[in-house]
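Below is one structure, written out as structure tokens; comments come after it.
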Amino acid sequence: MLSRLSAAIEDRNRRMLRARDTMDRAFARPLDVPALARVAHVSPAHFSRQFRATFGETPHRYLQRRRVERAMELLRETDRTVTDVCFEVGSNSLGTFSRTFRAVVGESPSDYRARFSGGGAALRVPACFAMAWTRPAG
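Quick note: the sequence shown uses the working numbering, first residue 74, plus one each step.
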């Protein structure tokens, strides 16, 4: 009985990981719960509940956070405009992107970029350390 339960949990986790990997890989594409549920081979309602139970956040919130993390990297490492970054990470609206960025990071995309401009020490920090240091909480 216990091994059957363990196998069911392992199968559920594998399905959720498959969907999360899809979000990590294709975060800039339009992704919705029904499409991700198909990847996980479950119903959309079941997918949303199981994703949250497995990872502690909704699929929508996870996808937002992944997009913001990528935007943070682009704002630090490139000279692309905030608008270009917004569309590159899969957002369709600059206003929504800026609001989401501020909610996750605590400052606007422009203010975030300003902290890393001007050739200061932050630009000489390896990207992996900068990502770890600036990763949004939650």
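Just so you know, even glycine gets a beta-carbon here, dropped at the ideal spot from N, CA and C.
Does the Cβ-Cβ distance between residue i and residue j come in under 8 Å?
i	j	result
Ala-176	Val-162	no
Met-96	Leu-136	yes
Ala-113	Ala-92	yes
Phe-100	Arg-153	no
Arg-88	Val-106	no
Ser-183	Val-158	no
Spatial neighbours of residue i within its chain, please: CB distance less than 8 Å, with the 5 preceding and 5 following residues excluded, ordered by chain position.
i	result
Ser-181	Ser-171, Phe-174, Arg-175
Arg-85	Gln-123, Thr-127
Quick one: is residue i buried, meaning 16 or more other Cβ sit within 10 Å of its Cβ, or exposed?
i	result
Leu-109	buried
Leu-104	buried
Ala-81	exposed
Ser-164	buried
Arg-102	exposed
Name the two residues that bound the continuous alpha helix (DSSP H) containing residue i.
i	result
His-133	132 to 150
Ala-110	106 to 113
Arg-153	Element bounds for Arg-153: n/a, residue is neither H nor E.
Pro-182	182 to 188
Pro-117	117 to 128
Phe-174	167 to 178
Keeping to the same chain, check which residues put their C-beta closer than 6 Å to that of residue i; ignore five residues upstream and five downstream.
i	result
Thr-131	Arg-125
His-133	none
Glu-142	none
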